[in-house]
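Chemist: There's a structure below that I have some questions on.
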Amino acid sequence: MEGPMIAFLDSIFPWIKAVHIMAVIAWMAGLFYLPRLFVYHAERASVGSELDHTFLVMEEKLLRVIMNPAMIVAWVAGLIMIGLGAFDWGAVWSWVKIVSVILMTGAHGWMAARRKEFVAGTNTRTGRTYRMINEVPTVLMVLIVVAIVVRPF
-16 MEGPMIAFLD
-6 SIFPWIKAVH
4 IMAVIAWMAG
14 LFYLPRLFVY
24 HAERASVGSE
34 LDHTFLVMEE
44 KLLRVIMNPA
54 MIVAWVAGLI
64 MIGLGAFDWG
74 AVWSWVKIVS
84 VILMTGAHGW
94 MAARRKEFVA
104 GTNTRTGRTY
114 RMINEVPTVL
124 MVLIVVAIVV
134 RPF
């Protein structure tokens, strides 16, 4: 017998899924955009300049106002869906997705740490590094979408 909370969550499952998808879209937008900001920040702004300050504000707002809340909502909605049975523990596709999401969260954390370096004026990475990192969320997104939609494994 399921409890009233599980029954309620099950009844609003499509809404939870919709919120999850919207949060993932917002999170991914930030994961795509923040490294691009870092590229221009590293290549064009000298520490303490007006442009440096502008990039710092843009990066901080993107991370704090969009990316962090979106990541949290994506994780919470995803965990609720897992709790409601949307995760097939025996299927490889499920594990590809969860490992990719964990790696995506790691990329998010790496970017947050790089932002702190820009704030401290201690960034030593080049625009090229940030261009390469910009590909990580794309590769993970492809893995996740293929795992969920196509389920080839």
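This note's numbering applies: residue -16 is where the sequence shown begins, and numbers increase by one. Where is the CB? At the ideal position from N, CA and C, for every residue including glycine. The model shown is predicted, which means the values in this text are computed figures rather than measured ones.
State the CB to CB distance for the pair residue 21 and residue 97, rounded to an integer number of angstroms; the pair is presumed to be in contact (CB under 8 Å).
Modeler: About 6 Å separates the two Cβ atoms, so the contact holds.
Chemist: Under 8 Å, with one C-beta from each stretch per pair, do the segment 77 to 86 and the segment 42 to 51 reach the 3-pair mark?
Modeler: No, they do not touch.
Chemist: Between which two residues does the alpha helix (DSSP H) carrying residue 51 extend?
Modeler: Its alpha helix (DSSP H) spans residues 51 to 64.
Chemist: Secondary structure at residue 29, three-state DSSP: helix, strand or coil?
Modeler: DSSP places residue 29 in coil when its eight states are reduced to three.
Chemist: By Cβ distance below 7 Å, which residues in the same chain neighbour residue 102 in space, the five residues on each side in sequence not counted?
Modeler: Answer for residue 102: 39, listed in chain order.
Chemist: Reducing DSSP to helix, strand and coil, say where residue 96 ends up.
Modeler: Correct three-state label for residue 96: helix.
Chemist: The alpha helix (DSSP H) with residue 114 in it runs from where to where?
Modeler: Residues 110 to 116.
Chemist: Which term fits residue 80, buried or exposed, when burial requires 16 or more other beta carbons within 10 angstroms of its beta carbon?
Modeler: Residue 80 should be labelled buried.
Chemist: Quick check on the burial criterion: 16 or more other C-beta atoms within 10 angstroms. Buried or exposed for residue 61?
Modeler: Label assigned to residue 61: buried.
Chemist: How long is the line joining the alpha carbons of residue -11 and residue 125, rounded to whole angstroms?
Modeler: Taking the straight line from one Cα to the other gives about 32 Å.
Chemist: Are the C-beta atoms of residue 26 and some chain C residue less than 8 Å apart?
Modeler: Included in the structure is just one protein chain, with no chain C present.
Chemist: How many Å lie between residue 34 and residue 88 at the Cα?
Modeler: Their backbone Cα atoms lie some 29 Å apart in a straight line.
Chemist: State buried or exposed for residue 128, treating a residue as buried only when at least 16 other CB atoms are found within 10 Å of its CB.
Modeler: Classification for residue 128: exposed.
Chemist: Within 8 Å, do at least three Cβ pairs link the segment 105 to 125 to the segment 4 to 18?
Modeler: Output reads yes: the segment 105 to 125 touches the segment 4 to 18.
Chemist: Under the rule that 16 or more other beta-carbon atoms within 10 Å means buried, what is residue -6, buried or exposed?
Modeler: That one is exposed.
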